[in-house]
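Colleague: Take a look at the following structure, please.
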Amino acid sequence: MARVSLSRLEAVYLVELHKMADGGRTGTSALAARFGVREASVVDVVKRLEEKGLVVREPWRSISLTRRGESLAEQLIHNHRVIETYFHRVLNLPAQLACSEAQKLDSILSWRTIASMCRALNHPKTCIHGEEIKHYKRCR
Ligand SMILES: [Zn+2]
Ligand SMILES: [Zn+2]
Numbered sequence: 104m105a106r107v108s109l110s111r112l113e114a115v116y117l118v119e120l121h122k123m124a125d126g127g128r129t130g131t132s133a134l135a136a137r138f139g140v141r142e143a144s145v146v147d148v149v150k151r152l153e154e155k156g157l158v159v160r161e162p163w164r165s166i167s168l169t170r171r172g173e174s175l176a177e178q179l180i181h182n183h184r185v186i187e188t189y190f191h192r193v194l195n196l197p198a199q200l201a202c203s204e205a206q207k208l209d210s211i212l213s214w215r216t217i218a219s220m221c222r223a224l225n226h227p228k229t230c231i232h233g234e235e236i237k238h239y240k241r242c243r
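Here our numbering is used: the first residue of the sequence shown is 104, the next is one more, and so on.
This is how it looks when you write it as structure tokens:
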């Protein structure tokens, strides 16, 4: 998959949409409520995600992720969980800090770096929050 560059906010929204929709649909108002922001600002970010081919906006303000959007969201979740686990286990950062630092990096670091972290951790099954980590062939 060609690399799509996402702003921090776009990455956060994409992952949240993926989690909220869970294979179905969700809407801009649910997303706005989730982040405590105005719907207009959500629509703005969602439009940018649509321009990048990651989501499709449908009638009644519902949003669905494209296959490309789904797979990018899953990749971001993998990266987040690997980075925070690395920070926590290897660098001994407290869990909460490890998580917030990972959030700054999960859409930025290259696969090469992520894969090195993943190997150093021996491909952990769960992250520091106990959530499952699904690995890729490229992590190996
Ligand atoms: Zn986290
Ligand atoms: Zn991995």
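For glycine and all other residues, C-beta sits at the position ideal for the given N, C-alpha and C. Computed from a predicted structure; not experimentally measured.
(1) Under three-state DSSP, which class holds Thr-169?
(2) Run the CB neighbour count on Leu-157, radius 10 Å, all protein chains shown included, and call it buried at 16 or more, exposed below.
(3) Can you tell me whether Arg-243 is helix, strand or coil according to DSSP?
(4) Could you have a look at Glu-119 and say whether DSSP puts it in helix, strand or coil?
(5) Taking the beta carbon of Asn-182 as the centre, do at least 16 other beta carbons fall within 10 Å, making it buried, or is it exposed?
(6) Is the closest heavy atom of ligand 1 to the C-beta of Glu-119 under 7 Å?
(7) Is the closest heavy atom of ligand 1 to the C-beta of Cys-221 under 7 Å?
(8) According to the neighbour-count rule (16 or more other Cβ atoms, all chains shown, within 10 Å of its Cβ), is Asp-147 buried or exposed?
Modeller: Reading from the atomic positions:
(1) coil
(2) buried
(3) coil
(4) helix
(5) buried
(6) no
(7) no
(8) exposed
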